[in-house]
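Numbering (our numbering), first residue to last: 65 to 103.
Glycine included, each C-beta is placed from N, C-alpha and C at the ideal position.
Take a look at the structure set out below.
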Amino acid sequence: MKKSQKNEFLTLIDNSLLDEGRANELKIKIDALSTKSFI
């Protein structure tokens, strides 16, 4: 993960914590990012 990408990722998590309604959307994004980043 690039540093800027990591910051964006953490911002996404922070934003989602403020809005529980987006939890599923966030999970999908995390799964997608994790798959791209770690395979």
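| Item | Value |
| --- | --- |
| Cβ separation of Leu90 and Leu74, assumed to be a contact under 8 Å, to the nearest whole Å | Going by Cβ atoms, the distance from Leu90 to Leu74 rounds to 12 Å, so no, they are not a contact pair. |
| Straight-line gap, Lys100 to Ile94 (C-alpha atoms, nearest Å) | 10 Å |
| Helix, strand or coil at Lys66 according to DSSP, with G and I counted as helix | coil |
| With 16 other Cβ atoms within 10 Å as the buried cut-off, status of Ile103 | Note that Ile103 scores a pLDDT of 48, beneath 50, so its modelled location is shaky; the value from the coordinates is reported in the next line. Exposed. |
| Separation of Ala87 from Lys66, as counted between CA atoms | 24 Å |
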